[in-house]
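Notes to accompany the following structure.
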């Protein structure tokens, strides 16, 4: 299976990931190589195999519904690229 | 002082042969003298000396632990409050974490001294430490070769004695492979044994932190501090932590060692194979029984890994958006431009490659063919391990197909780089613990032997490694120029 430059641009858009125009062909080539590697998976029949998401097959732990985290807004915002009046600033979204 | 192991230094500190402040200053000087390795991203002399002073007080008033006053270093993937945590990326080049990772907290409580933060492949994605935004790390055994990755800075620093020991993380071999290539001892614990809280996520169902040390005994001491249930990590496993040093001296008579034929076939360098055969002969002398086994699904580990790890990475790394922390592009024209350019400029090539791969594998129409299929393969691989470990006590094999490769040699061929992880990746998919221990040299470069055990059998693995280190001295060799 091989991916085209268009495919790469589409995936990059889904991931909101800027990639340099001159690198698109190389990414298409690398990803195609990875997909070739993956075709080996189809050599094995996995029809009755249960997918494995966690090595211990553990379920998510539950805890009492009580507040455990205090408000750290100032600490968190102190490392943000741009904040004002306790808000994170981004370019205007609504005209 | 640097030629001693953690346990020897610990005893010296308790006997007041030298102080932690003296020891710390000695290691800080060594770090300064050997900057050419590029093993550290950040050195923290002021913090280290303050911690050393506090450690000396604990040593004086009898409240010390084995790690009190020991100069260690943290892989730069563990969040440290007040010290920049970069994860080897431009994205986090100025990131001051608002909290400490649980692992960091535990070392602080034990009174360990942090010398600094160690270089690594960007976001732990790489097998050579060449994807780091802060430049590649050099292997102390030959500075023209890679130290391995992603914990390359950790392995190089411990090997060159620029820290007594270090932390690493292992998603597909990132502790064991650099440990093997730099001639040190590395342990990837069972998934869930060491807290992932504050350890920047790459592939959450595979990531696991662990010790990188000179000897197995040192690894036991470090793991004792690192292991244990943590409420803050939702995948942490709540089981009692054994005394890892208690069983180190158990006899290996009757130990059943399984050698999977899939580990010793085509692709393994013949000199490495001969070195491993000598190591296994040593185990036979110690009373172990060698059993040939087969694990037929191992060959599927690389394809399954390169679906699962990128899929989880693409989800985990979506948090880097240029809004809340980390790198932000200049003058974004709109929100999409802010996201796209911040991520495009902040991430390096290998990270982008994996985000793209993962995004594709999870996208509409491809999920079943790739992600679901890979999860099913993962089950088959884990069943191979369960079946093998029901008949043998430990599985042994290579860590890497050859010794350290040249810097730049595989950077233009990502697939070749991925294939070099062939012996380590399956272990992460299964979630079992594994170690790399020094087993000899080929043309002056270290070779690692891999020991793989059943879930939560770290005490047994450490015992098996320690017994080998009692009859061999490969772990005591120091690279030329660092004696």
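Chains as they are written, first to last, in this note's numbering: chain A, 6 to 100; chain L, 20 to 502.
Backbone N, C-alpha and C fix where the C-beta goes; we use that ideal spot for every residue, glycine too.
These numbers were taken from a predicted model, which means no experiment stands behind them.
Euclidean distance between Cα positions of residue 319 of chain L and residue 57 of chain L: About 35 Å.
Nearest-angstrom Cα separation, counted from residue 98 of chain A out to residue 107 of chain L: 32 Å
Beta-carbon spacing of residue 149 of chain L, residue 165 of chain L below 9 Å: Their beta carbons are under 9 Å apart, which means residue 149 of chain L touches residue 165 of chain L by this criterion.
Beta-carbon gap between residue 160 of chain L and residue 202 of chain L smaller than 9 Å: yes
Euclidean distance between Cα positions of residue 197 of chain L and residue 80 of chain A: Roughly 36 Å separates the two Cα atoms.
Sequence-distant residues of its chain with Cβ nearer than 6 Å to residue 316 of chain L (five each side left out): 399, 400, 403
Residue closest to residue 49 of chain A, alpha-carbon to alpha-carbon, out of L:163, L:494, L:388: L:388
Where residue 321 of chain L meets chain A, residues with beta-carbon distance less than 7 Å: 42
Candidates L:41, L:357, L:479, L:22: closest to residue 269 of chain L by CA position: L:479
Rounded Cβ spacing between residue 471 of chain L and residue 413 of chain L (contact assumed at less than 8 Å): 7 Å
Nearest to residue 38 of chain A (by Cα), restricted to the options L:272, L:432, L:440: Looking at the Cα atoms, L:432 is the closest of the given residues.
Extent of the continuous alpha helix (DSSP H) to which residue 294 of chain L belongs: 289-304
Any chain L beta carbon closer than 9 Å to residue 89 of chain A: no
Closer than 9 Å at the beta carbon, the chain A residues around residue 114 of chain L: 84
When L:190, L:366, L:487 are compared against residue 468 of chain L, the one with the closest alpha-carbon: Nearest of L:190, L:366, L:487 to residue 468 of chain L, Cα basis: L:487.
Contact under 9 Å by Cβ, residue 357 of chain L with residue 96 of chain A: yes
Residues from the segment 424-458 of chain L in contact with chain A, defined by Cβ distance under 7 Å: Of all residues in the segment 424-458 of chain L, only 433, 434, 449, 450 come within less than 7 Å of chain A when Cβ atoms are compared, listed by chain position.
Among L:162, L:459, L:110, the one whose alpha carbon lies nearest that of residue 493 of chain L: L:459
Chain A contact for residue 192 of chain L (CB, 9 Å cutoff): For residue 192 of chain L, the answer is no, since every Cβ of chain A falls outside 9 Å of its Cβ.
Closest residue to residue 93 of chain L among L:194, L:278, L:249, L:410 (Cα-Cα distance): Out of L:194, L:278, L:249, L:410, the CA that lies nearest to the CA of residue 93 of chain L is found in L:194.
Minimum Cβ-Cβ distance from residue 65 of chain A to chain L less than 9 Å: yes
Residue 62 of chain A versus residue 473 of chain L: straight-line alpha-carbon distance, rounded: Their Cα atoms are separated by approximately 15 Å.
DSSP state of residue 387 of chain L mapped onto helix, strand, coil: helix
Bounding residues of the beta strand (DSSP E) (the contiguous stretch that carries residue 470 of chain L): Taken as a continuous stretch (DSSP letters only), the beta strand (DSSP E) holding residue 470 of chain L covers 464-471.
C-beta neighbour in chain L for residue 47 of chain A, strict 9 Å: For residue 47 of chain A, the answer is yes, since a Cβ of chain L falls inside 9 Å of its Cβ.
Spatially closest choice to residue 283 of chain L from L:162, L:360, L:313, by CA coordinates: Selection L:162, L:360, L:313 evaluated against residue 283 of chain L yields L:313 as nearest (Cα-Cα).
Option nearest residue 33 of chain A by Cα separation, candidates A:20, A:16, A:86: When each option's Cα is compared against that of residue 33 of chain A, the closest is A:16.
C-alpha gap between residue 174 of chain L and residue 117 of chain L, whole angstroms: Residue 174 of chain L and residue 117 of chain L: Cα-Cα distance of roughly 27 Å.
Interface partners of residue 29 of chain A on chain L, CB under 7 Å: The premise fails here: residue 29 of chain A is roughly 10 Å from chain L at the closest Cβ pair, so nothing lies under 7 Å.
Own chain residues within Cβ distance below 8 Å of residue 351 of chain L, not counting five before or after: 341, 357, 360, 361
Short CB-CB distance (under 9 Å) between residue 95 of chain A and chain L: yes
Range covered by the alpha helix (DSSP H) that runs through residue 45 of chain L: 39-52
Beta-bridge partners of residue 425 of chain L, as assigned by DSSP: L:164
C-beta atoms of residue 208 of chain L and residue 457 of chain L nearer than 9 Å: no
Span separating the alpha-carbon of residue 86 of chain A from that of residue 110 of chain L: 12 Å
Inter-residue CB distance, residue 214 of chain L and residue 189 of chain L (contact presumed, cutoff 8 Å): Not quite, the Cβ-Cβ distance comes to about 15 Å (not below 8 Å), so this is no contact.
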